[in-house]
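Engineer: Take a look at this one; I'll ask things after.
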Amino acid sequence: MLQPIIIAGGTGSRLWPLSRELFPKQFHKLHGDLTMLQTTILRLEGLDCAKPIVICNENHRFLVAEQLRQIGYLDHNIILEPVGKNTAPAIALTSFYATQNGKNPNLLVLPADHIILDKVAFQTSVKNAISHIENNQLVTFGIVPNAPETGYGYIQCGEKLGDNGFLISQFVEKPDLQTAQNYLSSGDYLWNSGMFAFRAQTYLNELQKHRPDIHEVCEKSIQNTNDDLDFVRIDNEIFATCPEDSIDYAVMEKTTDAVVVPMNAGWNDVGAWSSLWEVSDKDEQGNAKIGDVLAIDSHNNYLFAETGLVATVGVSDAIVVQTKDAVLVTNRDNAQNVKSLVQALGRQNRKEIELHREVYRPWGKYDSIDNGTRYQVKRITVKAGEKLSVQMHHHRAEHWIVVSGTAKVGIDDKEVLLTENESIYIPLGAVHYLENPGKIPLELIEVQVGSYLGEDDIVRFEDRYGRVVV
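Structure (structure tokens):
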């Protein structure tokens, strides 16, 4: 049996403005009706697998839990990283966790943000790796290239091992175009996919050999875990001292037991908007159109409309992405440079690199629909049976107007039920809570008025989701 490890990290820079720091691409529905995280997990159905272990940043924990719940895979199986330290420590944490009680499972390590079009071919390659895993080798999956791609690292195949693998001759960095063309014509190179398979203890042994500093910190970090709802919390202070490194640099390029198994399954790591255009359905003019889009005399574009109409006339080879609070326009050849745009926004301290206008919380979500001097207006959605924390604010008062559903509201020592078209006022400094006792979502409009309207002006006295309380 395989123990899947799903790495759901990421900073949300390459697919901005849709992807943000607090809502990176693996949590979006970029290809199909499910998110990339959900698709990664469901792609395993049909293999002999245990329930996956997902490792993610603490800031994304409620997104991960909700998306696992939606597909029936939430089972106290989310490990939280307080800070991202790259893939070598992330896989070490999950390996130590998986080897508790003397176990030594076969791990299948998968990033949560890849598109794979051919599920059968994917599973065939995974099955081809099992004999190497059981031979205590570390397997990476190499993608059979179909173009001289300069955006991927490559793996040179060495000696053939039976019918389903090769020893690794060398890892090579992203090449220039001429070098990539030579790699492709030689037939000896595969794209480095970032997917791996090995026994948990085999990886830990190799990590201890080549990066004992990472091994030691991760081992100590996992020794005193703390269970919190569906999450496993590690020792934050110890893990903060862990060096950053990728599994490729820390282990795979140093070990003598590395094997590459080819995979030809329509793989794409969606590293840029141009990559998403390549795998999307297109009209007769080569346009990929998502949302309310009108394209006249326009060809080979990726056009994404989240909330409004996106219209083009005489535009070709472009990327246009419209969200509630930002619009990106670039040509497909420059799509790889979106990351530099995000870096420029960061230098300006723009909030658009971190948050969407619509923000998800464990109880539901809110949409900041308007704001100005001393006021802010939000549309709040509370899921059935959920409750916001018991809280107070030092700098703002609030007005709540119920649009649909039923609200249970507590203010100091009073409690009241509100239904559609009813409203209530929350004075500055009042201890209050909002709960949805019904069976359908609660929708309300919140108007905040005050001298400071930041999200950090919340003093929590009680919270069912494990957030900090006084």
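Under full-length UniProt numbering, think of the first position of the sequence shown as 1, with each following residue one higher. The beta-carbon is built from N, C-alpha and C at its ideal position, and this holds for glycine as well.
#1: Tyr375 to Gly429, Cα distance in whole Å?
#2: Between Ile143 and the rest of its own chain, which residues show a CB-CB distance below 7 Å, the 5 nearest in sequence each way excluded?
#3: Thinking C-alpha only, which one of Gly84, Leu417, Asn136 and Gln123 is nearest Asn106?
#4: Please say whether Val382 and Gly410 have beta carbons closer to each other than 7 Å?
#5: Going by C-alpha distance, which of His60, Asp456, Gln448 and Ala258 is nearest Ile401?
#6: I'd like to check one pair, Ile6 with Leu110: are the Cβ atoms closer than 7 Å?
#7: Identify every residue that forms a DSSP beta bridge with Gly392.
#8: Kindly indicate the opening and closing residues of the alpha helix (DSSP H) around Pro89.
#9: What number of angstroms, rounded off, separates the C-alpha of Asp163 from the C-alpha of Val126?
#10: Report the CB separation of Ala65 from Asp230 in whole angstroms; it is logged as a contact under 8 Å.
#11: Measuring CB atoms only, is the stretch 71-89 touching the stretch 155-175, in the sense that at least three cross pairs come out at less than 8 Å?
#12: Looking at Cys242 and Lys387, is the spacing between their C-beta atoms short of 7 Å?
#13: Pick out whichever of Glu21, Asn436 and Gly286 has its Cα sitting closest to the Cα of Leu355.
#14: Could you have a look at His114 and say whether DSSP puts it in helix, strand or coil?
#15: Can you list, in chain order, the residues of its chain with a C-beta nearer than 6 Å to that of residue 471? Leave out the 5 residues immediately preceding and following it.
#16: Decide if the stretch 222-239 is in contact with the stretch 138-156; the criterion is three or more beta carbon pairs, one per stretch, under 8 Å apart.
#17: Within 10 Å of its beta-carbon, does Leu80 have 16 or more other beta-carbons around it, so buried, or fewer, so exposed?
#18: How would you write the range of the alpha helix (DSSP H) that Val172 sits in, first residue to last?
#19: Does DSSP put Val469 in a helix, a strand or coil?
#20: So, do the stretch 209-229 and the stretch 118-125 have three or more beta carbon pairs nearer to each other than 8 Å?
#21: Over what stretch of residues does the beta strand (DSSP E) that includes Arg233 continue unbroken?
#22: How far does the alpha helix (DSSP H) with Ser368 in it reach, from first residue to last?
#23: In the DSSP assignment, the alpha helix (DSSP H) including Trp273 goes from what residue to what residue?
#24: Can you tell which of Thr323, Trp273 and Asp325 has the C-alpha that lies nearest to the C-alpha of Asn300?
#25: What did DSSP end up calling Gln123 once you bin it into helix, strand or coil?
#26: Hey, how far is the Cα of Gly291 from the Cα of Gln3?
#27: If Val329 sits next to Ala311, beta carbons under 8 Å apart, how far is it from one beta carbon to the other, in whole angstroms?
#28: Name the DSSP bridge partner or partners of Thr140?
#29: Label Ala344 either buried or exposed according to how many other C-beta atoms from any shown protein chain fall within 10 Å of its C-beta, with 16 as the threshold for buried.
#30: The alpha helix (DSSP H) with Val338 in it runs from where to where?
#31: Where do the N-terminal and C-terminal ends of the beta strand (DSSP E) with Thr330 fall, by residue?
#32: Would you mind sorting Ile353 into buried or exposed? The rule is 16 or more other CB atoms within 10 Å of its CB.
#33: Give a yes or no on contact between the stretch 249-264 and the stretch 193-211, applying the rule of three or more CB pairs nearer than 8 Å.
#34: Assuming Leu30 and Leu276 are in contact, meaning their beta carbons sit under 8 Å apart, how far apart are those beta carbons, in whole angstroms?
#35: Throw me the rounded Cβ distance for the Phe198 and Leu294 pair, which I believe falls under 8 Å.
#36: Under the assumption that Val259 contacts Phe196 (Cβ atoms under 8 Å), give the Cβ distance between them as a whole number of angstroms.
Structural biologist: With the given structure in hand:
#1: Spanning the two alpha carbons is a distance of roughly 17 Å.
#2: Once the five neighbours on either side are set aside, the close Cβ partners of Ile143 are Leu190, Trp191, Ser193, Met263 and Trp267.
#3: For the set Gly84, Leu417, Asn136 and Gln123, the Cα lying nearest the Cα of Asn106 is the one of Asn136.
#4: No, Cβ-Cβ distance for Gly410 and Val382 is not below 7 Å.
#5: For Ile401, the closest of His60, Asp456, Gln448 and Ala258 by C-alpha to C-alpha distance is Gln448.
#6: Yes. Within cutoff.
#7: The sequence given here places Met at residue 392; Gly does not occur at that position. DSSP output for Met392 lists Val459 as bridge partner(s).
#8: It spans Thr87 to Ala98 - the alpha helix (DSSP H) in which Pro89 sits, taken as one unbroken run.
#9: Counting only the Cα atoms, Val126 lies some 14 Å from Asp163.
#10: The C-beta distance from Ala65 to Asp230 rounds to 5 Å, short enough to fall under 8 Å.
#11: Because the criterion of three Cβ pairs below 8 Å is not met, the stretch 71-89 and the stretch 155-175 do not touch.
#12: Not in contact: Lys387 and Cys242 (Cβ atoms no closer than 7 Å).
#13: Measuring from the Cα of Leu355, the nearest candidate turns out to be Glu21.
#14: If DSSP states are grouped into helix, strand and coil, His114 belongs with coil.
#15: Outside the shown range of the chain, which is 1 to 470, sits residue 471, and nothing can be said about it.
#16: Flag = no, the stretch 222-239 and the stretch 138-156 do not touch.
#17: With 16 or more other Cβ atoms within 10 Å, it is buried.
#18: From DSSP, Val172 is part of no alpha helix (DSSP H) but of the beta strand (DSSP E) over Phe166 to Val172.
#19: In this structure, DSSP gives Val469 a state outside helix and strand, which the three-state scheme calls coil.
#20: Contact between the stretch 209-229 and the stretch 118-125 is absent, because fewer than three Cβ pairs lie under 8 Å.
#21: DSSP places Arg233 in the uninterrupted beta strand (DSSP E) bounded by Phe231 to Arg233.
#22: From DSSP, Ser368 is part of no alpha helix (DSSP H) but of the beta strand (DSSP E) over Gly364 to Gly372.
#23: Trp273 to Val279 is the span of the alpha helix (DSSP H), which, as asked, contains Trp273.
#24: Among Thr323, Trp273 and Asp325, the Cα nearest to that of Asn300 is on Trp273.
#25: Here Gln123 sits in helix by DSSP.
#26: One C-alpha to the other measures close to 37 Å.
#27: Approximately 13 Å separates the beta-carbon atoms of Val329 and Ala311; this is outside 8 Å, ruling out the contact.
#28: Note: Thr140 sits in a beta bridge opposite Phe196 and Val260.
#29: Looking at its Cβ environment, which holds fewer than 16 other Cβ atoms inside 10 Å, Ala344 is exposed.
#30: Start and end: Val338 to Arg347.
#31: Residues Val327 to Asn331.
#32: Ile353 should be labelled buried.
#33: Touching, yes.
#34: About 6 Å separates the two Cβ atoms, so the contact holds.
#35: Actually they are not in contact, since the Cβ atoms of Phe198 and Leu294 sit about 50 Å apart, beyond 8 Å.
#36: The pair is not a contact, with the Cβ atoms about 10 Å apart (cut-off 8 Å).
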